Amino acid sequence: MPSSYNVRSRARERNSVLSRPEFMSLNHQPLRGGSSSTGSSGGGGGGGSSESRSSSRRPAQIKHQTSQQSEEPTDSGSKDRRESSKMPEEDCMQLNPSFKGIAMNSLLAIDICLSKRMGVCASTSSSWGGCRSMVALLALTGHGITWIIGTIVCLTRSNTLAGQEVLVNLLLALILDVMTVAGVQRLVKRRGPWEMTPGFLDCVAMDTYSFPAAHASRAAMVSKFLLSHLVLAVPLRILLVLWAFLVGMSRVLLGKHHLTDMVCGFALGMLHFSLMESVWLSSSTCQTLISISTLSWSPFF
Numbered sequence: 404m405p406s407s408y409n410v411r412s413r414a415r416e417r418n419s420v421l422s423r424p425e426f427m428s429l430n431h432q433p434l435r436g437g438s439s440s441t442g443s444s445g446g447g448g449g450g451g452s453s454e455s456r457s458s459s460r461r462p463a464q465i466k467h468q469t470s471q472q473s474e475e476p477t478d479s480g481s482k483d484r485r486e487s488s489k490m491p492e493e494d495c496m497q498l499n500p501s502f503k504g505i506a507m508n509s510l511l512a513i514d515i516c517l518s519k520r521m522g523v524c525a526s527t528s529s530s531w532g533g534c535r536s537m538v539a540l541l542a543l544t545g546h547g548i549t550w551i552i553g554t555i556v557c558l559t560r561s562n563t564l565a566g567q568e569v570l571v572n573l574l575l576a577l578i579l580d581v582m583t584v585a586g587v588q589r590l591v592k593r594r595g596p597w598e599m600t601p602g603f604l605d606c607v608a609m610d611t612y613s614f615p616a617a618h619a620s621r622a623a624m625v626s627k628f629l630l631s632h633l634v635l636a637v638p639l640r641i642l643l644v645l646w647a648f649l650v651g652m653s654r655v656l657l658g659k660h661h662l663t664d665m666v667c668g669f670a671l672g673m674l675h676f677s678l679m680e681s682v683w684l685s686s687s688t689c690q691t692l693i694s695i696s697t698l699s700w701s702p703f704f
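In structure tokens, the structure reads:
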């Protein structure tokens with residue numbers, strides 16, 4: 404009759420979860436078919452030894468699993484640090500921006516805010532929408548196409564050499580202004596405060612972007628040119644300066660340009676005038692250009 408110790412050891416082995424066939428792989432032991440059915444004392448000793456081996460291996464397995472789990476976050480953290488170190492500078496947040504950058508961003512925000520507030524004629528539904536047609540007509544007086552066509556008409560009707568000299572230089576200054584402003588606008592490509600589609604005349608004059616304001620540049624250059632080369636009364640001189648300022652402001656009221664665009668346009672117009680004064684064409688050169696343009700070759704024979 405089997406002893407009570409063997410009976411208890413066999414019952415403990417049967418109740419153990421790791422002794423089941425589906426969990427034997429966790430014990431790293433091969434499946435044993437009939438060792439549990441024997442009732443000898445050797446079988447009882449074998450069950451006790453297997454139980455001791457399984458109990459000795461389980462802490463080692465748990466330690467190995469916990470070490471793997473603790474290594475995974477470390478590896479992922481180091482991987483994230485490596486990826487963050489490889490990120491380009493433009494994707495990183497600048498926690499210490501320079502004073503110059505802060506000042507420029509602040510001025511840009513103020514410029515955009517004021518320009519939007521001053522765009523009172525941007526559409527018919529704006530606060531000054533009823534005056535939009537009058538403001539657009541005022542802006543048309545400073546358009547490049549208007550001045551180029553008007554200068555050519557006056558040149559064909561002029562009969563004096565002095566008048567033709569002034570008109571030819573004015574025409575060249577207008578062409579220089581249109582080409583320079585169009586080139587700068589293509590380089591900067593700044594949009595207006597209200598993102599408005601340019602009109603037909605603006606596309607013809609290549610005035611499709613906001614910076615610098617072409618109308619302001621042209622008005623400043625023309626007013627300075629006429630003040631320097633025409634004899635005008637004081638009221639007319641004041642009206643000419645006022646006209647140049649209102650032409651520049653009209654584009655801001657229409658929502659086409661920012662305030663800084665208008666200011667830079669005035670500065671660029673004065674620069675164009677100074678450049679044209681330095682390369683002023685003489686009367687004989689102007690007569691040669693007029694002869695070439697009208698296909699009148701009599702001065703050459």
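Heads up: the sequence shown is residues 404 to 704, going by the working numbering.
Glycine residues also receive a C-beta, built at the ideal position from the N, C-alpha and C atoms.
Quantities reported herein were computed from a predicted structural model and do not represent experimental measurements.
How is the alpha helix (DSSP H) around Val571 delimited, first residue to last?
Walking along the sequence shown from the start, residue 571 turns up at place 168. Residues Leu564 to Val591.
Provide the residue span of the alpha helix (DSSP H) that contains Ser646, from first to last.
The sequence position of residue 646 within the sequence shown is 243, counting from 1. Note that residue 646 corresponds to Trp in the displayed sequence, not to Ser. Looking at the DSSP string, the run of the alpha helix (DSSP H) that includes Trp646 is Val637 to Leu656.
Short of 6 Å in beta carbon distance, which residues of its chain neighbour His632, apart from the five on each side in sequence? Order them along the chain.
As a working mapping, residue 632 is identified with position 229 in the sequence shown. Same-chain partners within the cutoff: Val569.
Give me the Cα-Cα distance between Cys524 and Thr663, rounded to the nearest whole angstrom.
Walking along the sequence shown from the start, residue 524 turns up at place 121. Walking along the sequence shown from the start, residue 663 turns up at place 260. Roughly 18 Å between the two C-alpha positions.
Please name the residue, chosen from Gly602, Arg640, Gly566 and Thr549, that lies closest to Arg621 on a Cα-to-Cα basis.
Within the sequence shown, the letter at position 218 stands for residue 621. When each option's Cα is compared against that of Arg621, the closest is Thr549.
Taking the alpha-carbon positions, what's the Ser530 to Gly566 distance?
Residue numbering aside, residue 530 sits at position 127 when the sequence shown is read from its first letter. Residue numbering aside, residue 566 sits at position 163 when the sequence shown is read from its first letter. The alpha-carbon atoms of Ser530 and Gly566 are separated by roughly 45 Å.
Can you grab the Cα-Cα spacing for the pair Gly668 / Ala616, in whole Å?
To locate residue 668, count along the sequence shown from 1; it is residue 265. To locate residue 616, count along the sequence shown from 1; it is residue 213. C-alpha separation (whole angstroms): 5 Å.
Take the Cβ of Pro638 as the centre, count every other Cβ of all protein chains shown within 10 Å, and call the residue buried at 16 or more, exposed below.
Residue mapping note: residue 638 aligns to position 235 of the sequence shown, counting from 1. Classification for Pro638: exposed.
Does the beta-carbon of Arg654 have 16 or more other beta-carbons within 10 angstroms, so that it is buried, or is it exposed?
Residue numbering aside, residue 654 sits at position 251 when the sequence shown is read from its first letter. Counting Cβ neighbours within 10 Å, Arg654 comes out buried, since at least 16 surround it.
Sort Ser536, Ser677, Arg520 and Lys659 by Cα distance to His618 and report the nearest one.
In the sequence shown, residue 618 corresponds to position 215, counting from 1. Of the listed residues, the one whose Cα sits closest to His618 is Lys659.
Hey, out of Ala506, Leu698 and Ala576, whose CA is closest to Ala623's CA?
The residue labelled residue 623 in the question sits at position 220 within the sequence shown. The residue with the shortest Cα to Cα distance from Ala623 is Ala576.
My assumption, with CB atoms under 8 Å, is that Leu629 sits in contact with Leu643. Please give the rounded CB distance.
Working through the sequence shown from its first residue, we reach residue 629 at position 226. Working through the sequence shown from its first residue, we reach residue 643 at position 240. Indeed they touch by this definition, with Cβ atoms about 6 Å apart.
Using the Cβ count rule (16 or more neighbours within 10 Å means buried), how would you classify Cys606?
The sequence position of residue 606 within the sequence shown is 203, counting from 1. Exposed.
Taking the straight line between their C-alpha atoms, what separation do you get for Ser626 and Ala647?
As a working mapping, residue 626 is identified with position 223 in the sequence shown. As a working mapping, residue 647 is identified with position 244 in the sequence shown. C-alpha separation (whole angstroms): 7 Å.
Let me make sure I understand the geometry here. Which of Ser561, Leu564 and Gly545 has the alpha-carbon closest to that of Met652?
Residue numbering aside, residue 652 sits at position 249 when the sequence shown is read from its first letter. The option with the nearest alpha carbon to Met652 is Gly545.
Straight-line CA distance for Met356 to Leu645?
Within the shown structure, residues of the chain are numbered from 404 to 704, placing residue 356 beyond reach of any answer.
Please state whether DSSP places Val634 in a helix, a strand or coil.
Against the sequence shown, residue 634 aligns to sequence position 231. Val634 falls in the coil class under three-state DSSP.
How many angstroms separate the CA atom of Gly586 from the CA atom of Ile578?
Here residue 586 refers to the residue found at position 183 of the sequence shown. Here residue 578 refers to the residue found at position 175 of the sequence shown. Near 12 Å, if we compare the C-alpha coordinates of Ile578 and Gly586.
Candidates Leu573, Arg589 and Leu543: which alpha carbon is nearest Ser677's?
Here the question's residue 677 lines up with position 274 in the sequence shown. The shortest Cα separation from Ser677 among Leu573, Arg589 and Leu543 belongs to Leu573.
Which residue's Cα is closest to the Cα of Gly522: Lys503, Asp580, Met679 and His661?
For this step, residue 522 is matched to residue 119 along the sequence shown. Residue His661 is the option with its Cα nearest to Gly522.
Look up Cys606 in the DSSP assignment and say whether it is helix, strand or coil.
Mapped onto the sequence shown, residue 606 falls at position 203. In the structure shown, Cys606 sits in a helix (DSSP, three-state: H, G or I).
Which class does Val666 belong to by DSSP, given the choice of helix, strand or coil?
Here residue 666 refers to the residue found at position 263 when the sequence shown is read from its first residue. It is helical.
Does the Cβ-Cβ distance between Phe614 and Val584 come in under 7 Å?
Here residue 614 refers to the residue found at position 211 when the sequence shown is read from its first residue. Here residue 584 refers to the residue found at position 181 when the sequence shown is read from its first residue. Their beta carbons are not under 7 Å apart, which means Phe614 does not touch Val584 by this criterion.
Should Pro596 and Ser518 be called a contact, given that it needs their Cβ atoms to be closer than 7 Å?
Position 193 of the sequence shown, counting from 1, holds the residue named residue 596. Position 115 of the sequence shown, counting from 1, holds the residue named residue 518. In this structure, Ser518 lies closer than 7 Å to Pro596 by Cβ.
How far does the alpha helix (DSSP H) with Lys519 in it extend, from its first residue to its last?
Locating residue 519 in the sequence shown gives position 116, where the first residue counts as 1. Phe502 to Met521 is the extent of the alpha helix (DSSP H) around Lys519.
Helix, strand or coil for His675, going by three-state DSSP, please let me know.
As a position in the sequence shown, residue 675 is number 272, starting the count at 1. Note: His675 maps to helix in three-state DSSP.
Would Val581 and Gly547 be called neighbours here (beta carbons separated by less than 7 Å)?
As a first step, residue 581 is located in the sequence shown; it is residue number 178 there, counting from the start. As a first step, residue 547 is located in the sequence shown; it is residue number 144 there, counting from the start. Yes. Within cutoff.
On the CB-based measure, 16 or more other CB atoms within 10 Å of its CB, does Arg535 come out buried or exposed?
Counted from its first residue, the sequence shown places residue 535 at position 132. By the 10 Å Cβ count, Arg535 comes out buried.
Please state the DSSP three-state secondary structure of Trp550.
Numbered from 1 along the sequence shown, position 147 holds the residue referred to as residue 550. Helix.
Quick check on Gly595: does DSSP put it in helix, strand or coil?
Within the sequence shown, numbered from 1, the residue matching residue 595 stands at position 192. Note: Gly595 maps to coil in three-state DSSP.
In the DSSP assignment, find the alpha helix (DSSP H) that holds Val682 and state where it starts and stops.
Position 279 of the sequence shown, counted from the first residue, corresponds to residue 682. Counting along the chain, Val682 falls outside any alpha helix (DSSP H), and DSSP gives it neither H nor E.
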